[in-house]
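Novice:
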Amino acid sequence: DERAHSVPKLVDFLANPGFVVEQVACGERHSACIVAGGQVLTWGCGLDGQLGHCSHDNGFYPRKVEHLAAEYVTRVACGCK
Numbered sequence: 015d016e017r018a019h020s021v022p023k024l025v026d027f028l029a030n031p032g033f034v035v036e037q038v039a040c041g042e043r044h045s046a047c048i049v050a051g052g053q054v055l056t057w058g059c060g061l062d063g064q065l066g067h068c069s070h071d072n073g074f075y076p077r078k079v080e081h082l083a084a085e086y087v088t089r090v091a092c093g094c095k
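Going by the numbering used here, 51 is the number at position 37 of the sequence shown; the sequence numbering is gapless.
(1) Do you know how far the Cα of Gly51 is from the Cα of Tyr86?
(2) Starting from His44, follow its DSSP beta bridges and name the residues at the other end.
(3) If we count the other Cβ atoms within 10 Å of its Cβ and call it buried at 16 or more, is His70 buried or exposed?
(4) Compare the C-alpha of Glu36 against each of Tyr75, Cys68 and Leu28 and name the closest.
(5) Please name the residue in Gly60, His67 and Val79 whose C-alpha comes closest to that of Val49.
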């Protein structure tokens with residue numbers, strides 16, 4: 015959803031049986047997670063390009079970071095921007 019939340023909230027998109035979330039990271043206005051297979055998904059404010067999708071668009075739903083698709087990622091972190 016497009017609203018900001020100040021407390022943790024279930025991300026319905028990630029509650030699907032096909033997703034196994036291995037790690038979650040939360041930044042000031044964006045989030046990321048690693049799902050089974052080492053793929054990185056990001057969502058939230060993309061104003062400074064922090065979502066990794068080669069744009070400055072916001073992401074309202076988790077989306078795979080295509081530039082990392084060939085990598086097996088084991089840790090992800092989010093910061094202030």
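Every residue gets a Cβ at the ideal spot worked out from N, C-alpha and C, and that includes glycine.
Specialist: So, from the data block:
(1) 7 Å
(2) Gly58
(3) exposed
(4) Leu28
(5) Val79
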